[in-house]
Amino acid sequence: MILIGLLAAGFAAGTVRGETLFRDKFGRDLESQGISLVDWEGYMANPAIEFFIVPPAEASLPVDVRVTASEPRLYFDLPSQAGAAGPEKRLQISTSTPVAMAVAIFPARTKKRMETMLHVQLTDAQGRRSQRNLPVHVTFNPGAPSPDSYPITVDFSQDKTGFFSDSAHRAALQQAAKDWAFYFAAIPLEKVAAHAEKTFIFQPSGFAKGEVITNAQPYMGNRLYAYGISSAEHRSGGEPSREGGWQMSDGRALPIRRSGGVEVEIKGNYNLLGWLPPLRDDEWWRATNLGEVPNDLYSSVHHEMGHALVFNPNNQRFKREGPLPDAAVEAYLGRGVQTDKSDHLDGFVDPASLRGAFGNEYHGKVPYGRWLITKLDLLCAQAMGYKLRKVDALTALAILPEPLPGAVPDQSYRTVLHAEGGIPFYDWTVKSGKLPAGLGLNRFTGEISGIPGHSGTFPLVVQLRDYSANGPAVTRDLVISVQAP
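Per my numbering, residue 239 is the first one in the sequence shown, and the count goes up by one each step.
Below you can see the structure in the form of structure tokens.
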């Protein structure tokens with residue numbers, strides 16, 4: 239944790255005067271610049287940004303802190319609350335050591351930039367109060383037009399319960415399939431001929447008995463049969479077909495199955511309270527999936543599709559007795575992962591989002607809400623055999639190779655350095671060399687600006703850090719030439 243000095247402050251009767259300090263993990267003052275949050279491409283768990291709060295220097299300790307926001311898509315790390323009125327978190331500062339908290343944005347189907355605020359109220363031991371607002375900027379990467387993705391088809395032909403006669407139920411399954419497929423790049427696949435793929439389908443009474451069917455039509459990719467059940471176990475399920483074949487590409491078998499099933503308990507998972515109606519993105523917090531409320535159908539089918547596609551006993555790379563041997567997973571998480579007897583990543587929390595990884599959804603570090611794909615889930619899918627698309631969440635941090643424009647002595651100069659990848663709450667610094675006298679580098683924006691005073695050639699090395707937990711800094715050699723026209 240970064241230690242930050244306290245600001246001196248005066249007091250008025252009943253009120254703490256002076257300003258609360260907000261700092262980030264790089265020690266930067268956030269008071270004027272605020273915090274940048276990113277809504278990553280697709281529909282996945284977004285990164286949480288940690289920051290630090292320090293009370294005015296003359297406040298009497300302990301100081302009670304209440305942080306709120308009016309945007310319901312925002313949420314804080316636990317302990318905290320989320321809801322229609324926005325998130326709320328309470329902290330207490332009892333020493334001069336800063337207290338840390340984190341904030342993130344729930345993903346939106348339709349991406350948009352947004353400006354909002356965190357409201358921070360402080361009350362010291364003498365009852366004196368102060369309030370500061372911390373700007374929050376929500377950004378997104380428009381991305382390039384989506385190339386072809388890995389095809390996942392949802393087939394409702396085996397539903398004998400009528401559950402999927404409801405268009406809202408079908409839409410939840412189809413949306414979950416699209417959300418997984420969005421991150422999987424197209425692979426050259428051989429077409430599955432009609433009646434060439436065998437898939438086991440459970441009876442409507444549950445997981446005890448069933449029958450093997452074959453595909454009536456030829457298809458490409460993965461075919462997931464979605465159907466309702468009502469069993470004594472009162473649970474939904476998802477699995478790949480053990481009776482079927484492996485995906486074939488250029489004459490070789492891939493470690494990916496060609497079909498599977500998603501079974502939905504028609505009365506509701508476990509508590510038999512039915513299913514929530516479709517939720518908007520700003521209602522994510524209603525989908526707690528706890529025992530006393532109806533569950534979120536999207537959360538459940540998103541999870542069961544994860545079993546059918548990635549996390550299952552057919553995947554021989556996941557060994558319950560040892561970690562998954564994958565360099566990308568280990569670099570991101572800092573260690574390997576392994577699945578438990580339920581094929582879940584039990585105990586694993588996604589480093590960027592602080593959400594529980596696949597199967598650990600109830601044990602993350604943020605409030606309960608709709609279950610989402612995490613970056614760790616996707617890296618595990620890649621380790622299994624899927625090819626991932628180059629979306630912003632999966633792009634390595636890099637400074638783009640753009641030459642700097644020349645400057646003219648005693649004339650205003652402005653240019654902006656650009657980067658991609660990582661968690662884009664960036665920190666730009668000059669690692670070696672120096673800028674021309676009169677120019678400065680904005681650590682938040684990468685803007686170089688000012689009025690250079692002398693001619694010359696100025697080589698420098700710019701360093702860029704992002705908000706990744708284990709990500710290394712990157713550098714680039716640059717040159718600014720200051721010459722008279």
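Don't be surprised by glycine CBs; every beta carbon is placed ideally from N, CA and C.
- In this model, GLU477 and LEU571 are separated by some 26 angstroms (Cα to Cα).
- For PHE420, the enclosing alpha helix (DSSP H) stretches over residues 405-421.
- Around the beta carbon of HIS656, a 10 Å sphere encloses fewer than 16 other beta carbons of the protein chains shown; the residue is thus reported as exposed.
- In the three-state reduction of the DSSP assignment, PHE682 falls in the coil class.
- Across the structure, LEU329 and SER274 are spaced so that their CA atoms are roughly 22 angstroms apart.
- Collapsing the DSSP output to three states places VAL276 in a strand.
- For ASP715, the enclosing beta strand (DSSP E) starts and ends at 712-720.
- With fewer than three CB-CB distances shorter than 8 angstroms, the stretch 674-693 does not count as touching the stretch 292-307.
- Shortest Cα-Cα distance from GLY483 to any of ILE291, CYS618, LEU427, PRO294 involves LEU427.
- In its chain, beyond the 5 residues on either side, ARG461, TYR463 have a beta carbon closer than 6 angstroms to the beta carbon of ASP393.
- Ranked by Cα distance from TYR421, the options SER387, LEU510, MET339, PHE290 are led by SER387.
- Under the three-state reduction of DSSP, LYS613 is assigned to helix.
- When DSSP states are grouped into helix, strand and coil, HIS540 belongs to the helix group.
- Between GLN721 and ILE689, the CB-CB gap reaches or exceeds 8 angstroms.
- Under the three-state reduction of DSSP, VAL646 is assigned to coil, being neither helix nor strand.
- Annotation: THR354 to GLN271 spans about 13 angstroms, alpha carbon to alpha carbon.
- The beta-carbon distance between VAL450 and GLU501, rounded to whole angstroms, is 15 angstroms. This is too long to meet the 8 angstroms contact definition.
- The C-alpha of GLU288 lies about 34 angstroms from the C-alpha of LYS579.
- Under DSSP, SER497 forms a beta bridge with ARG461.
- In the same chain as ASP520, and ignoring 5 residues on each side of it, the C-beta atoms closer than 7 angstroms to its own belong to PRO310, ARG311, in chain order.
- In this structure, DSSP gives TYR600 a helical state, which the three-state scheme calls helix.
- By the Cβ test, the stretch 710-720 is in contact with the stretch 666-683, since at least three Cβ pairs between them sit closer than 8 angstroms.
- By the beta-carbon neighbour count (other beta carbons within 10 angstroms, threshold 16), GLY594 is buried.
- Contact between LYS613 and ASP588 is confirmed by a C-beta separation of about 6 angstroms, below the 8 angstroms threshold.
- For GLU568, the enclosing alpha helix (DSSP H) starts and ends at 565-571.
- A distance below 8 angstroms between beta-carbons, with the five flanking residues on each side excluded, links ALA410 to the following residues of its chain, in chain order: PRO516, LEU535, TYR536, VAL539.
- Rounded to whole angstroms, the separation of the alpha carbons of PRO674 and ALA645 is 10 angstroms.
- Counting only runs of 3+ residues, the beta strand (DSSP E) found wholly inside the stretch 351-403 occupies 352-361, 367-377, 390-393, in chain order.
- Excluding sequence positions up to five before and after MET282, its CB lies within less than 6 angstroms of the CB of LEU610, ILE611, all in the same chain and listed in chain order.
- ASP615 is not a Cβ neighbour of GLY506, given a cutoff of 8 angstroms.
- Residues LEU635, ASP704, SER706, GLY709 of the same chain have their beta carbon placed closer than 7 angstroms to that of GLY660, with the five preceding and five following residues left out of the count.
- Here VAL376 is buried, its C-beta having at least 16 other C-beta atoms within 10 Å.
- Excluding residues up to 5 positions away in sequence, TYR313, TRP523, PRO605, GLY607 lie with their Cβ nearer than 7 angstroms to the Cβ of ALA320 in the same chain.
- By DSSP's assignment, TYR651 forms a beta bridge with GLY688.
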